[in-house]
């Protein structure tokens, strides 16, 4: 199904306008083009009983899991980054994991909501990709999927698993390192530049977690692969650790916050 | 009591050597001069039952509480920053708070230790002060005390209270902003530059939490006051929130980690 909104329309929307459309069920696709200049976020929702362990996991793995906000149990409103938003309805598409298995991919998780659920809002690399685009950096994300690597995250309690990364092809590798380094809140600098095999990616054209039917456009002779830690990591962890219950965003279908990307610059 | 170690001797020690001396009870003074180039840290130890709330407090207040490491309950070894260290003995002086009151200032907390205690290791501004010293920046910390401000931290659960800051006089205010901005792990950039009254400090020569009997050397005509968020904040919070039990470092008497300061640079 084609979106009824053009890239230009999506890009010009305010976060509030965009989330209202998502909330009404009128947009269930990728947020790559949504709300130019605003920080986007991954979502992880788990029972309070596991919340300390997961927050510890995030702290020990700040590249894949830079935490922007954490809600009180049962509260669907992320008070720091978008107090008027509702995390049950404002993400275009969700995933629901039970006992380490993916069980549903709804566009609304109101029916799954419980009073003991704590939501973690985690910075997304779409945010700094906007900045690179604005600078005309010769850089293109593989928006079609995410890779599981052979790098293990630092475990915390029941949470353990492999690091997931997003893939990108760059003609200029320096500027992306500089720009992303300014934003630890959006995964910071790359975790790897060069041969994908070194981090356990056997076929760069076959992402482990595909988000679009379109294949990755092949690498050109003057391009270098670059990889950033990815907020899909908690989903790999949910599978690897057989976590009893977790709701997440669907890869590339992010939560759009009210905060400007620049507010998160570390320098 | 004079220290039996000179500033030069303290500065040249490795963290392992320094902690061994502290562990044997041979050094109970400020760590301002200890282990040049190594990251120093504030300590907060609380029962596991409050650990999620406090970690959330840290996350919501990253300037005063940049978390470098969190231990498992009962484990006195900070696995990420100094796995061989023992947090019960390796800090020169501690404070023990009960029900919002300071009850003890021992140099060893082994007798207070419990199986349910979780330790938070929080980056300390002494770390970037080393860097400014090395650059000959005209900058001097008030090493004699810490101030409580009129700025409220963002609360989390039972944790609420005022922001504590360290005070400094600088002839060059620009370089300290630049250097500290590179280190969110050591409180990041200043929270205030200029008139202390604006952040509720009535008398800059009377710190709320004095750590030395020596008075602050008066401000010179070409100096400007600069203030950084301080890791003593959790102690103000312990008092303001009447936290049932908390062990901390004694102000300016820090835990020295095995990690180099530069490892924490964000850019």
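Chains as they are written, first to last, in this note's numbering: chain A, 186 to 452; chain B, 186 to 452.
A virtual CB, placed ideally from N, CA and C, is assigned to each residue, including glycine.
Item                                                                                                                                                                 : Value
Give the straight-line distance between the Cα atoms of residue 248(A) and residue 193(A), rounded to the nearest whole angstrom.                                    : 31 Å
Between residue 451(B) and chain A, is any beta-carbon pair separated by less than 7 Å?                                                                              : yes
Mind checking which residues open and close the alpha helix (DSSP H) that includes residue 425(A)?                                                                   : 418–425
Can you pull out the residues from the region 223–238 of chain B whose beta carbon lies closer than 7 Å to at least one beta carbon of chain A?                      : 236 and 237
In this structure, how does DSSP classify residue 193(B) when only helix, strand and coil are distinguished?                                                         : helix
Could you confirm whether any beta carbon from chain B is found closer than 7 Å to the beta carbon of residue 255(A)?                                                : yes
For residue 192(B), would you say it is in contact with chain A, using Cβ-to-Cβ distances shorter than 7 Å as the test?                                              : no
Could you pull out every residue in the same chain whose Cβ sits closer than 6 Å to the Cβ of residue 444(B), ignoring the five residues on either side in sequence? : 224 and 266
Could you tell me whether the Cβ of residue 252(B) comes closer than 7 Å to any Cβ of chain A?                                                                       : yes
Report all residues from its chain with a CB closer than 7 Å to the CB of residue 326(A); omit the five preceding and five following residues, and keep chain order. : 314, 351 and 353
Are the CB atoms of residue 220(B) and residue 203(B) within a distance shorter than 7 Å?                                                                            : yes
At what residues does the beta strand (DSSP E) containing residue 453(A) begin and finish?                                                                           : What is shown of chain A runs 186 to 452, which leaves residue 453(A) out entirely.
Excluding five sequence neighbours on each side, which residues of the same chain lie with their C-beta closer than 8 Å to the C-beta of residue 286(B)?             : 424
Roughly how many angstroms separate the alpha carbons of residue 195(B) and residue 293(B), rounded to a whole number?                                               : 20 Å
Listed in chain order, which residues of the region 351–378 of chain A have Cβ atoms closer than 7 Å to some Cβ of chain B?                                          : 366, 367 and 369
With distances taken between CB atoms, is the gap from residue 446(A) to residue 312(A) smaller than 7 Å?                                                            : yes
Name the residue from 210(B), 215(B), 307(B) and 395(B) whose alpha carbon lies nearest to the alpha carbon of residue 256(B).                                       : 307(B)
If you follow the beta strand (DSSP E) that residue 413(A) is part of, which residue opens it and which one closes it?                                               : 409–414
On the three-pair Cβ rule with 8 Å, is the region 407–420 of chain B touching the region 378–393 of chain B?                                                         : yes
Extract the residue ranges of the beta strand (DSSP E) inside the region 224–269 of chain B, only unbroken runs of 3 or more that lie entirely within it.            : 252–255
Could you check if residue 400(B) belongs to the surroundings of the ligand FMN, using beta carbon to heavy atom distance under 6 Å?                                 : Judged by which ligands are present, the structure shown has none, so any question about the ligand FMN falls away.
Taking 7 Å as the threshold (C-beta atoms), are residue 344(A) and residue 238(A) in contact?                                                                        : yes
At a CB-CB cut-off below 8 Å, which residues of chain A make contact with residue 424(B)?                                                                            : Simply none; closest approach about 24 Å.
Tell me which residues share the same chain as residue 431(B) and place their Cβ nearer than 6 Å to its Cβ, disregarding the 5 neighbours each side in the sequence. : 231, 282 and 423
Which of the three DSSP states, helix, strand or coil, is assigned to residue 389(A)?                                                                                : coil
Taking the alpha-carbon of residue 234(B) as reference, which of 417(B), 300(B), 228(B) and 275(B) has the nearest alpha-carbon?                                     : 300(B)
Three or more C-beta pairs under 8 Å: does that hold for the region 388–395 of chain A against the region 321–337 of chain A?                                        : yes
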